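Heads up, the thing below is written out as structure tokens.
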Ligand code: FES
Ligand code: FES
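Residue numbers (our numbering), protein chains in the order written: chain A, 1175 to 1931; chain B, 891 to 1046.
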């Protein structure tokens, strides 16, 4: 492994200063001359036919500049799954029917927010209410009301995976168990509510500043819904205050801002309220998971049969991807000689679920990790030993799905056992005390091209200048995770430059090279990182040629970019400064600028991802026997993320994951009353505070991922998954209550303890 | 009817005409273009809008602009001492990696200032308790707590 100068260090984020001083510009901070303010009218009912909408009184209100409904816009359905148009099931504003409480029905743009809000109250909508379905069982019952008239049975998509002979494997098994798990809906709860500002120029072209993870996807889908050409639309991502999967689709306010900017000739801004975010926003899929596993007496896994029903809410959103992925995650971590998966994505009359950190893994792994713990108990094998016995190793193949290259899972298990003093703590009989374990594997970006793009998955342009600076342009989107810093580090490392030598332009669809599929599925470091390396190597080729000629070097000599110089390896005197080398290349080419483009698209990497990460986590809890309150004391984590590019960022990602995993385990849940999301403030929707966090210790298991940039792969998304099963296992040791339906609340613990006597 | 009030923000005086129902957050962000103060919830639950009013932390989303008239208002833009580019708290947040998306940062820094003004050497527990009104979805708080601790040392 090469020694690095900048990669691996905890380099401070390049945007930290702007954020620390309040000068970083988020979308809602943008103010344009003459700008109008938009608000959305949302459906108050879960399922209804729209009989009539009267906007005349709203339009007559002084200060109102535009009121639109579904009847005013092109009847174009959209959705991220462009590859299968029948899965594109949304209109920017409802036509004919509303399908959940919060479905967007009309939009108003006015001179200020108060006027826009007042105008919403003047729109009258006549609804004919329809029977509604609020859970997967009701939705799939024969004769159930149809959320989308054309989708029989409310199942919008199914996904099957099958390999090995499941039936005979179960016959062979000494021990078979079948369990049903359910998991709740939770909110991304990014601190920055969604916001968009659109402007239309004199030629009718649109510029949209928007809080998004996917500028390219927004550009393309906005074009199709506005019936414009893609490149007549420019999407710019300003600083984004977190996304976690919740900002990865075209959304109605983005469409409405652009549509109304065009029709009024004035810039239009929409910013959502927190109430809208929590009550109507995207969320992590609630799921029902039915899992059957078979083992030999000695703990060897033989087979798994997994069925997952995803409660998708009213539209597909990123549900199809979640359906694919939760089945893939069900086959990860352990070697299943036979595996069968059936995933059904089911429509209900609730706010749509979509992508959220972990993308199917937190749900799927809660079930499979809890089931491993249950099995370990009944087989009388230590849960870590049972995992070690079945752990995936490098080179393992999941038929038709993926081949695992780097994999440090065994080492993670061994490490976390030592770090946590597992054997001793697990034996403790202290009242209300327990330790438990959970593990994860995650992807480093997706391979399956559901967006059906004709471009490379990630692209980077590098311009090199004679003053020794370079300009990196990429559509990759930093939404807070720190990719801007990581990509600069990779480029600086490759070109032997310092961070301050690099100017960076990102996430502007008119100015950065097409394309990049955005920030999701932990794809940016690996994919955009590889694109940057590809570009850097092309620059180096040219610089090396010029320097080699200039010093008349033997052709067998190796050259390097190091310390701001381009030189024969280890021989600074046989070389020139980076800037001089650039000038030499330009002179050779009669003045042509030194500009290159690099790209990355996964090849021969199966269907799922180019690389998997792994990890294991141990939780230590103390449960108050009277109140059922869980105090998570310590969390030990060992993980394998390949080469660490930025140590501070990796730590920060892990700590942030622990926060989200803890909330998922214990305190977070969007409580539904039929179609109503009951807890729509941060007072009632409880994300952990600084006081709630356990003490965390983590260790990186060193591996090198051959497909990753400098050996790197995913860090910090998959880590959101092991926390809930680890805590659930610890709570079981502490109280005898085994959680099969998240979250683990004091009520459930107390009644579970009572039932045990 | 609008009220004409005088707001003293970061040592500068501004005269503004405001409706009585407008919040300090709206007036700072929209009238004075001081957009470093964020709006995360508007209901007093997240702390992203935290500013100092006569040295005490308030949620600017729940404070009416007229209530702040004549008081000393301090926002993230005025955190660094005059003549300096950064306050030690800001330096520590940058150095410790306490900033990810940055949306909670301004509120966190002002809450940290309030704490350190009163308690120059807080324990970890005191830092966590004092910052528990500020939500962060990205960092898990560890590096924020470390940054407050580092800032306390710097300011000694
Ligand atoms: S915006 Fe004021 S507390 Fe959240
Ligand atoms: S850094 Fe994103 S909310 Fe705190």
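For glycine and all other residues, C-beta sits at the position ideal for the given N, C-alpha and C. For clarity, every value in this text was computed on a predicted model and none was experimentally measured.
Residue span of the alpha helix (DSSP H) that contains residue i, given as start and end
| i | result |
| --- | --- |
| residue 1178/A | Segment: none, residue 1178/A is in no alpha helix (DSSP H) and carries neither H nor E. |
| residue 1906/A | 1897–1909 |
| residue 1594/A | 1583–1594 |
| residue 1394/A | 1389–1400 |
| residue 1730/A | Unbroken run through residue 1730/A: none, as it is neither H nor E. |
| residue 1427/A | 1426–1438 |
| residue 1663/A | 1657–1669 |
| residue 1250/A | No alpha helix (DSSP H) contains residue 1250/A, which DSSP labels as neither H nor E. |
| residue 983/B | 978–986 |
| residue 1498/A | 1493–1504 |
| residue 1260/A | First-last for residue 1260/A: undefined, no H or E at that position. |
Residue i beta carbon near ligand 2 (any heavy atom closer than 7 Å)
| i | result |
| --- | --- |
| residue 993/B | yes |
| residue 989/B | yes |
| residue 1863/A | no |
| residue 1531/A | no |
| residue 1027/B | yes |
| residue 1924/A | no |
| residue 1654/A | yes |
| residue 1836/A | no |
| residue 1416/A | yes |
| residue 1365/A | yes |
Given residue i as reference, the closest of the options once Cα atoms are compared
| i | options | result |
| --- | --- | --- |
| residue 1743/A | 1758/A, 1435/A and 1727/A | 1727/A |
| residue 1461/A | 1790/A, 1533/A and 1345/A | 1533/A |
| residue 987/B | 1041/B, 956/B and 1046/B | 1041/B |
| residue 1446/A | 1367/A, 1546/A and 1876/A | 1367/A |
| residue 1552/A | 1566/A, 1486/A and 1467/A | 1467/A |
| residue 1706/A | 1739/A, 1729/A, 1648/A and 1674/A | 1648/A |
| residue 1542/A | 1930/A, 1758/A, 1903/A and 1920/A | 1903/A |
| residue 1832/A | 1045/B, 1036/B, 1029/B and 912/B | 1029/B |
| residue 1780/A | 1709/A, 1579/A and 1854/A | 1579/A |
| residue 1495/A | 1791/A, 1331/A and 1463/A | 1331/A |
| residue 1222/A | 1422/A, 1198/A and 1278/A | 1278/A |
Ligand 1 heavy atom lying under 7 Å from the CB of residue i
| i | result |
| --- | --- |
| residue 938/B | yes |
| residue 1959/A | Residue 1959/A lies beyond the residue range present for chain A, which begins at 1175 and ends at 1931; the question has no answer from this structure. |
| residue 929/B | yes |
| residue 1369/A | no |
| residue 1581/A | no |
| residue 934/B | yes |
| residue 951/B | yes |
CB contact check: residue i to chain C, cutoff 8 Å
| i | result |
| --- | --- |
| residue 891/B | In the displayed structure, chain C is absent; the protein chains listed are A and B. |
Status (buried if at least 16 other CB within 10 Å, exposed otherwise) for residue i
| i | result |
| --- | --- |
| residue 1428/A | buried |
| residue 1175/A | Low local confidence applies: a pLDDT of 46 at residue 1175/A is under 50, so the model's placement there is unreliable, and no value is given. |
| residue 1869/A | exposed |
| residue 1391/A | buried |
| residue 935/B | buried |
| residue 1245/A | exposed |
| residue 1234/A | exposed |
| residue 1704/A | buried |
Extent of the continuous beta strand (DSSP E) run through residue i
| i | result |
| --- | --- |
| residue 1228/A | 1222–1228 |
| residue 993/B | Unbroken run through residue 993/B: none, as it is neither H nor E. |
| residue 1746/A | 1745–1751 |
| residue 1382/A | 1380–1384 |
| residue 1773/A | 1768–1774 |
Residue i: CB within 7 Å of a non-hydrogen atom of ligand 4
| i | result |
| --- | --- |
| residue 1196/A | Looking for ligand 4 in the displayed structure turns up nothing; the ligands present are ligand 1 and ligand 2. |
Quick one: which residues of the stretch 1649–1660 of chain A get their C-beta closer than 8 Å to a C-beta of chain B? List them in chain order.
-> Interface annotation for the stretch 1649–1660 of chain A against chain B: 1653, 1654, 1655 and 1656, criterion Cβ-Cβ distance under 8 Å.
Near-chain B residues of the stretch 1355–1367 of chain A (beta-carbon distance less than 9 Å), N- to C-terminal order | The stretch 1355–1367 of chain A vs chain B, Cβ under 9 Å: 1362, 1363, 1364, 1365, 1366 and 1367.
Chain-ordered residues of the stretch 1435–1452 of chain A with a beta carbon less than 7 Å from chain B | 1447 and 1448
Name the residues in the stretch 1822–1852 of chain A whose C-beta lies less than 9 Å from a C-beta of chain B; which are they?
-> 1822, 1823, 1825, 1826, 1827, 1828, 1829, 1830, 1831, 1832, 1833, 1834 and 1836
Members of the stretch 1394–1422 of chain A that neighbour chain B once the beta carbon cut-off is set at 9 Å | 1413, 1414, 1415, 1416, 1417 and 1418
Contact list for the stretch 1032–1043 of chain B against chain A, Cβ threshold 9 Å | 1032, 1033, 1034 and 1035
Interfacial residues, the stretch 987–1005 of chain B to chain A, with Cβ spacing under 8 Å = Hits within the stretch, in order: 987, 989, 990, 991, 992, 993, 994, 995, 996 and 999.
Which residues, in order along the stretch 1184–1198 of chain A, keep a beta-carbon less than 9 Å from a beta-carbon of chain B?
-> 1184, 1186, 1187, 1189, 1190, 1191, 1192, 1193, 1194, 1195, 1196, 1197 and 1198
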